[in-house]
Every structure is written in C-alpha cells, then in structure tokens.
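Undergrad:
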Amino acid sequence: MSEDGTALFLSHKAYEHIQEQLIRGRWGLNERISEKTIADELGISRTPVREAIRKMIAEGLLYQVPSSGTFVTKPDRQSIIEMFEVRQALEGLAAEKATELIRATEVRELQRQFAIMRHNSRVFRDSGEKHMTGDVLERFLDADRAMHKLLLGVADNRMVSNIVHNGRIQALIYGLRSYERDLQHIVVSLRAHWKFLHAIKRREGAMARRHMEDHIANSMRDALRAYDHQNRLENEASRKRPRTRTKPS
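Start counting at 1 in the sequence shown, then tack on 1, and there's your number in the numbering used here.
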C-alpha cells in the first residue's frame, strides 16, 4: 500500500473508532475528547486521528476551542428538528423508490430483520422489565438500522445514502441513545416498520413513503423529548449548585 493509501486507511480507521465511541455514549455532549488517548488506543500516530477529527468538525459532530481542545457538539433544538426533517424527506423518497427496484432476496432480508425486531420485542415483553436495555435493545436497534440501510441501498442514490447515514449517526449521538424505550414505544416502532415493509412488498410506493415519513416524524418527537428532558435536568442541576460569592475588597 502506498504512503497516501496507508494514511487514508489509518484516518478512516480513526474516524470509525471515534464515531463508534460517540454512538456508544463514551463522551457526553460538550465533553472533551483526547487526541492522544485515541491514538494510543489504536496504536497509531496522532496525525490520522487529527485528520479524522478535522472531518468530524466539518460534519458538525465535534468542535474545537483554541488552547482547550476538541469537544462533542451539543446541537440546539432547531438543529435536531432540521436534521430529522431532512431524514424524513429523503428516507421517504428512498422507500418509495425501493418499491420499484427491490428484488425478492432483498424483501426476504427485510423480513428477516423485521423478525429479529419482533422476536426481541417479545423477549422484552416477557421479561417484565419496564424499559428495553442491554443486548435485547442492541439487537432490536441493529435490526432497525439494517432495514433502513438496506432500503437506502436498494434506492441506489449515493448522495441520499450519505446524507441519511450522517443524520442517523447524529441522531444516535445527540439524543436517540438517551431516551428510555418502554413497551408502548417498542410496539409503536414495530408497527411502523411492519407498515412500510408491507407497502414495499406490495410495491405501493406512495404508501411506503407515507409510512416511512410517519415513522421518522415519531423518531423526531422521541429525540426532542429526550433533548428537552436532558436540558431540564441540566438546568435543575445548575440551579442547585452553590454560587460562589466574591469577597469585598
């Protein structure tokens, strides 16, 4: 591999690692990340890590403060709304287009992923737990993401796929990982996936688009609830902190 190829590979490796850690919630919003720590974890120099960070800053996932370091971006409420509105429009378009292009093998894969979601929803229901967590949640979300990714691939529009992918990553980082999923939420999500899957199987483009748009709208409401809840907690914590008084000179 050439020098340029090696540098590109290492930069991509660093990017994927940071992105995965962001999704898993390793760093909170507005929390500082360490370039050196990431480089040490990957066993590489800081240069490719710096390149990966620069790309994430351009994407709005991170920001830098001179002489302080790199931090995880905390978006404002309007940014979250705009992000989901873009996803709603583009994923709706992708679902409609998929009804024209999808093959039988891809329909079967959608059905397989939906079956995984349904199975894990039943495991959660039978557990008696209040919220879905742990491996059951991870399997449910992995199947959810796989369905959306497959549809974007079928729609065969690289620009749409890239924009939606970035939007989904931002949603996971900014809010969707933080709200608690009770049984009602899981049932609503499962029903939404069944609706657009059914429309795609029947090649009903307009219905597939409508059901996908409704699903993304519900996701936006969930993300905003999580965002508002987190802000309330932060404001309450801020009010409870003792204020330091300046001594008179």
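In this text, a Cβ means the ideal position worked out from N, Cα and C, and glycines have one as well.
Using a Cβ-Cβ cutoff of less than 7 Å, which residues in the same chain neighbour L173 once the five nearest sequence positions on both sides are dropped?
TA: I24
Undergrad: Terminal residues of the continuous beta strand (DSSP E) containing G206?
TA: In the DSSP assignment, G206 falls outside any beta strand (DSSP E) and within the unbroken alpha helix (DSSP H) covering G206 to K241.
Undergrad: Please go through the same chain and pick out, in chain order, the residues whose beta-carbon is closer than 8 Å to the beta-carbon of V189, but skip the five residues on each side of it.
TA: If we look at V189 and ignore the five residues flanking it on each side, its Cβ neighbours are N219.
Undergrad: Pick from M57, M148 and E97: whose alpha carbon is nearest that of E17?
TA: M57
Undergrad: Among residues of its own chain, excluding the 5 on either side of R78, which ones have a beta-carbon nearer than 8 Å to its beta-carbon?
TA: L225, Y228 and D229
Undergrad: Have a look at N232, I164, Q65 and R126 and flag the residue whose alpha-carbon is nearest the alpha-carbon of Q89.
TA: I164
Undergrad: Where does E42 land, buried or exposed, given buried means 16+ other C-beta within 10 angstroms?
TA: exposed
Undergrad: Following the continuous alpha helix (DSSP H) through L62, name the residue where it begins and the one where it ends.
TA: Element bounds for L62: n/a, residue is neither H nor E.
Undergrad: Would you mind working out which of R113, P49, K75 and A53 sits nearest Q231, comparing C-alpha positions?
TA: Among R113, P49, K75 and A53, the Cα nearest to that of Q231 belongs to K75.
Undergrad: Go through its chain and collect everything with a Cβ distance to A207's Cβ below 8 Å, but skip five positions before and after it.
TA: E97
Undergrad: Does H212 pass the burial test, meaning 16 or more other C-beta atoms within 10 Å, or should it be called exposed?
TA: buried
Undergrad: In terms of residue numbering, what span does the alpha helix (DSSP H) encompassing T38 cover?
TA: E36 to L43
Undergrad: Which whole-angstrom value is the C-beta distance of H166 and A193, which I expect to be below 8 Å?
TA: Rounded, the Cβ-Cβ distance is 20 Å, inconsistent with contact.
Undergrad: Can you name, in chain order, every residue of its own chain whose Cβ lies under 6 Å from the Cβ of L30, other than the five neighbours on each side?
TA: V73 and K75
Undergrad: If I measure Cβ to Cβ from R222 and keep anything under 7 Å in the same chain, skipping five residues before and after, which residues do I get?
TA: none
Undergrad: Measuring CA to CA, which of M133, L91, V66 and V108 is closest to E214?
TA: L91
Undergrad: Do you know whose CA, among S122, E110, I81 and L152, lies nearest L142's CA?
TA: S122
Undergrad: Out of curiosity, what's the CA-to-CA distance linking S239 and Y175?
TA: 20 Å
Undergrad: Give me the Cα-Cα distance between F115 and F125, rounded to the nearest whole angstrom.
TA: 15 Å
Undergrad: How big is the Cα-Cα spacing for S250 and P243?
TA: Because S250 carries a pLDDT of 45, less than 50, the predicted location of this residue cannot be relied on, and the following value inherits that uncertainty. Distance between the alpha carbons of S250 and P243: 21 Å.
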